[in-house]
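Only one structure is covered here, and it is reproduced in the block below.
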Amino acid sequence: MLRSVFLLCFLVILDVFCFAQDRSSVPAAHRQFEKAQESLKSQSYDTALQYLQSAIDADPKFQSPYIQMGDVYRRLKMFDKAKQSYLKVLTLNPKPDARIYYFIGHTELSTGDYANAKTHYQQFISSSTDAALLVKAKKYLADCNFSIQAKQHPQKYEPVNMGPEINSAYRDYFPALTADGTTLIFSRVIDGNEDFFLSEKNAGNWTKAKPMSPVINTKKYNEGAQSVSPDGMYLFFTGCNRPEGAGSCDIYVSHKKGKDWDTPFNLGAAVNGPHWDSQPAVSPDGNTLYFVSNRPGGIGGYDIWKSDLGADGTWSNAVNLGAEINTPYDENTPFMHPDGKTLYFASDGWPGFGDKDIFLSRRDGDHWGTPVNLGYPINSFNEENGLIVSSDGKLGLFSSNLPGGYGDMDIYKFNMPEAAKPGKVTYVKGTVRDKITHEPLESQVLVVDIKSKETKFNDFTSAETGTFLAIMPLGSSYVFNVSADGYIFYSDNFEESERKLSIEDLGCQQEKYAFENNRSRLQDFTIPEDSMKFEMGIMNKISLNPSQNNIDGNSVQRVLSNTAGIFL
0 MLRSVFLLCF LVILDVFCFA QDRSSVPAAH RQFEKAQESL KSQSYDTALQ YLQSAIDADP
60 KFQSPYIQMG DVYRRLKMFD KAKQSYLKVL TLNPKPDARI YYFIGHTELS TGDYANAKTH
120 YQQFISSSTD AALLVKAKKY LADCNFSIQA KQHPQKYEPV NMGPEINSAY RDYFPALTAD
180 GTTLIFSRVI DGNEDFFLSE KNAGNWTKAK PMSPVINTKK YNEGAQSVSP DGMYLFFTGC
240 NRPEGAGSCD IYVSHKKGKD WDTPFNLGAA VNGPHWDSQP AVSPDGNTLY FVSNRPGGIG
300 GYDIWKSDLG ADGTWSNAVN LGAEINTPYD ENTPFMHPDG KTLYFASDGW PGFGDKDIFL
360 SRRDGDHWGT PVNLGYPINS FNEENGLIVS SDGKLGLFSS NLPGGYGDMD IYKFNMPEAA
420 KPGKVTYVKG TVRDKITHEP LESQVLVVDI KSKETKFNDF TSAETGTFLA IMPLGSSYVF
480 NVSADGYIFY SDNFEESERK LSIEDLGCQQ EKYAFENNRS RLQDFTIPED SMKFEMGIMN
540 KISLNPSQNN IDGNSVQRVL SNTAGIFL
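Numbering-wise (numbering that gives the first Met the number 0), the sequence shown opens with residue 0 and increments by one.
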């Protein structure tokens, strides 16, 4: 769902170059130049270039056609041709309008020629009085200085195409990965229709990607720019131009029920407005939604905003992340890592390589650290965005049109450099079943950090699957509670660390469920390094005798309140 942004930027550029035009004394040259103006108004660029060349052929000293050819080539991102057109003006006029230097610098910055771009930006700054362009020139000069230094310290970067099971001859982009790394959801555009495709990892290999449920994918509208919850049960995504929408693009959510999905619904006026709202990124606990909007009240054109989920299940009015993240330019494609603190996003406002680069910022309480550029060659003079990072912090996934791909745009992976890795996390993945019938149970799962009292996970398993997945940072102690109507309350304390421990099958022995007297702690419980995977069988209260099973009666009766789920 970046097309709307790209289109807007493209149209804005059309009005940038407004030199005072010289006039040719050759009537034929003037006529061809005027025809070019009409073609430019209708965005018929190929035709305009032909008329401009004809004007030059009629009068080789006519400067305006060269200027406009450079302008058109620059708009078409044909920067080498644009530069040659602008340089021709310098041969015709030793003292040109200073803005020529600005746009020559732009063509060089856009192709990674930072040293020459620096020279031309300096020439523009020293001779121009154009206040608006001076602000930009100083920013781009800083980009040149940053890039020259950063390229002297390249990061190890070897992107690997995800292969034909994921990628196709079409545009494949915007990857989203569940915390256990077994489900990949991404966008694919076929014949102008944008839908979600899904691949699952089986025995270490990705299955052939298939379209997601028709409940989510539609033939009439486009779906894209998605974020999946760590457990894969909630999908936040962008839908545009829908009849129930508040603006051009709105954010929707769907909940997985069994093997299919609920009908997506609009998140409402607290999140969506009459402007462009897109690119959601849900926090690991599901209580905060980050997204991109061009609504009034921001700092730049497109900013990152957030909305918090209240205890009543409604979203708060969106607030801007502020100048710690946003700039007077554009920010987009936020991704909140499962560590809950590391935010990755793209920006062309922070010091970078010229276009949008990928940055990270680490949250400390209510504040964000200064965004850090991920460096060269992860970032380059091209546009980079849409990065996601696996829960273990080892892999980055992104989309690109790198040479050698399968289609218009492919999904790639690479090993994250150490400095760009997020905080270490683990996940608890399990299934809650009836111990006797082995049927999956609808239950509430709660994980709380003992020290901070912060709830890390609070959601309900479904009767269809009984599964859950909870994300927690490493190095903390947690209370893990499971409650189901009519069943014994299950509780345990555990401490996560980087130790490889065995996986306990909690359903194999009844004595594994014995509580210590006057305590709600379950004995003999162990956690592996990266995750805890288990099936939990819980006994019906009526079938157990507390005296025979060493269960404290008060502990048995403790059942958590039926609070709202974390994602809706």
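Just so you know, even glycine gets a beta-carbon here, dropped at the ideal spot from N, CA and C.
**Item:** F352 - DSSP class collapsed to helix/strand/coil
**Value:** Here residue 352 refers to the residue found at position 353 of the sequence shown. Residue state, collapsed to three classes: coil.
**Request:** Give the secondary structure of Y301 by DSSP, where H, G and I count as helix, E and B as strand, and everything else as coil.
**Result:** Reading the sequence shown from its first residue, position 302 is the one you call residue 301. Three-state DSSP puts Y301 in a strand.
**Item:** Beta-ladder partner(s) of I165, from DSSP
**Value:** Numbered from its first residue, the sequence shown carries residue 165 at position 166. Paired residue(s): none; I165 is not in a bridge.
**Prompt:** Going straight from the alpha carbon of D58 to that of P95, what length do you get?
**Reply:** Working through the sequence shown from its first residue, we reach residue 58 at position 59. Working through the sequence shown from its first residue, we reach residue 95 at position 96. One Cα belongs to D58, the other to P95, and the distance between them is close to 18 Å.
**Asked** Are S226 and P158 closer than 8 Å when you measure CB to CB?
**Response** On the sequence shown, residue 226 is found 227 positions in, with the first residue counted as 1. On the sequence shown, residue 158 is found 159 positions in, with the first residue counted as 1. Cβ distance not < 8 Å, so S226 and P158 don't count as in contact.
**Request:** Just mark D259 as buried or exposed, buried being the case when its beta carbon has 16 or more other beta carbons within 10 Å.
**Result:** Taking the first residue of the sequence shown as 1, we reach residue 259 at position 260. Under this definition D259 is an exposed residue.
**Asked** Per DSSP, D21 forms a beta bridge with which residues?
**Response** In the sequence shown, counting from the first residue as 1, residue 21 sits at position 22. DSSP, once it has assigned bridges, lists no residue as partnering D21.
**Request:** May I have the straight-line CA-CA distance separating G348 from D329, to the nearest angstrom?
**Result:** Walking along the sequence shown from the start, residue 348 turns up at place 349. Walking along the sequence shown from the start, residue 329 turns up at place 330. So the two alpha carbons sit approximately 6 Å from each other.
**Request:** Pull up the DSSP beta-bridge partners for I103, would you.
**Result:** Taking the first residue of the sequence shown as position 1, residue 103 is located at position 104. Paired residue(s): none; I103 is not in a bridge.
**Message:** Quick check: what's the CA-CA separation for L91 versus G180?
**Reply:** Taking the first residue of the sequence shown as 1, we reach residue 91 at position 92. Taking the first residue of the sequence shown as 1, we reach residue 180 at position 181. Straight-line Cα distance between these residues: approximately 60 Å.
**Under 8 Å between C-beta atoms of E164 and W205** = One-based indexing of the sequence shown puts residue 164 at position 165. One-based indexing of the sequence shown puts residue 205 at position 206. Cβ distance < 8 Å, so E164 and W205 count as in contact.
**Item:** Per DSSP, cross-strand counterpart(s) of E330
**Value:** Along the sequence shown, read from residue 1 onward, the residue named residue 330 stands at position 331. Within the DSSP secondary-structure output, E330 pairs in a beta bridge with S346.
**Prompt:** Okay, do the segment 198-214 and the segment 409-418 touch, 3+ Cβ pairs below 8 Å being the bar?
**Reply:** no
**Request:** Taking G465 as the reference, give the member of R361, Y72, K428 and L176 with the closest Cα.
**Result:** For the purposes of this step, residue 465 is taken as the residue at position 466 of the sequence shown. Each of R361, Y72, K428 and L176 was checked against the Cα of G465, and the nearest Cα belongs to K428.
**Message:** Rounding to the nearest angstrom, what Cα-Cα distance links P295 and V270 in this structure?
**Reply:** The residue given as residue 295 occupies position 296 in the sequence shown. The residue given as residue 270 occupies position 271 in the sequence shown. Rounded to the nearest angstrom, the two C-alpha atoms are 13 Å apart.
**Request:** Going by CA-CA distance only, name the one from G162, L440, Q151 and A224 that's closest to S186.
**Result:** Against the sequence shown, residue 186 aligns to sequence position 187. If we check each option's Cα against that of S186, A224 comes out closest.
**Cβ-Cβ separation, Y405 to N166 (assumed contact under 8 Å), whole Å** = Residue 166 sits at position 167 when you count from the first residue of the sequence shown. Residue 405 sits at position 406 when you count from the first residue of the sequence shown. That belief holds up - the Cβ atoms of N166 and Y405 are roughly 4 Å apart, short of 8 Å.
**Asked** Counting Cβ pairs closer than 8 Å, one from the segment 121-133 and one from the segment 319-334, do we hit at least three?
**Response** Too few Cβ pairs lie closer than 8 Å, so no.
**Prompt:** What runs of the beta strand (DSSP E), each 3 residues or longer, lie entirely inside the segment 251-305?
**Reply:** DSSP runs (the beta strand (DSSP E)) wholly in the segment 251-305: 276-281 and 287-292.
**Message:** Between the alpha carbons of A54 and I103, how many angstroms are there, rounded?
**Reply:** Position 55 of the sequence shown, counted from the start, is the residue given in the question as residue 54. Position 104 of the sequence shown, counted from the start, is the residue given in the question as residue 103. Near 22 Å, if we compare the C-alpha coordinates of I103 and A54.
**Item:** Q443: first and last residue of the uninterrupted beta strand (DSSP E) it sits in
**Value:** If you number the sequence shown from 1, residue 443 lands on position 444. Note, Q443: beta strand (DSSP E), Q443 to D448.
**Request:** Would you please state the rounded distance, in angstroms, between the beta carbons of S109 and G353? I believe it to be under 8 Å.
**Result:** Taking the first residue of the sequence shown as position 1, residue 109 is located at position 110. Taking the first residue of the sequence shown as position 1, residue 353 is located at position 354. Confirmed, about 6 Å.
**Request:** Using the Cα positions of T425 and Y220, report the straight-line distance between them to the nearest angstrom.
**Result:** As a first step, residue 425 must be located in the sequence shown, where it is residue number 426. As a first step, residue 220 must be located in the sequence shown, where it is residue number 221. The alpha-carbon atoms of T425 and Y220 are separated by roughly 37 Å.
**Request:** Take S292 and list the residues in its own chain whose beta-carbon comes closer than 8 Å to its own, dropping the five residues that flank it on each side.
**Result:** Working through the sequence shown from its first residue, we reach residue 292 at position 293. Excluding residues within five positions, the ones whose Cβ falls inside 8 Å are G272, H274, W275, D276, S277, Y301, D302, W304 and A317.
**Asked** Would you call the CB atoms of L176 and I387 closer than 8 Å?
**Response** To locate residue 176, count along the sequence shown from 1; it is residue 177. To locate residue 387, count along the sequence shown from 1; it is residue 388. Annotated as proximal: L176 and I387, with beta-carbon spacing under 8 Å.
**Prompt:** Helix, strand or coil: which one does DSSP assign to A175?
**Reply:** Counting from one through the sequence shown, the residue named residue 175 turns up at place 176. Here A175 sits in strand by DSSP.
**Request:** Taking 8 Å as the threshold, find out whether the segment 74-85 comes into contact with the segment 109-124 through three or more Cβ pairs.
**Result:** yes
**Bridge-paired residues (DSSP) for H366** = Sequence index remark: in the sequence shown, residue 366 carries index 367 (1-based). BP columns for H366 point to D363.
**Asked** Of the residues G321, K450, A28 and V281, which one's Cα is nearest the Cα of W314?
**Response** Here residue 314 corresponds to residue number 315 of the sequence shown, with the count starting at 1. Comparing Cα-Cα distances from W314 to each of G321, K450, A28 and V281, the minimum goes to V281.
**Beta-bridge partners of L308, as assigned by DSSP** = Within the sequence shown, residue 308 is the residue found at index 309, counting from 1. Per DSSP, W314.
**Asked** In angstroms, rounded to a whole number, what distance separates the CA positions of Y169 and D365?
**Response** Taking the sequence shown and counting its residues from 1, the one referred to as residue 169 is at position 170. Taking the sequence shown and counting its residues from 1, the one referred to as residue 365 is at position 366. If you take the alpha carbons of Y169 and D365, they lie about 41 Å apart.
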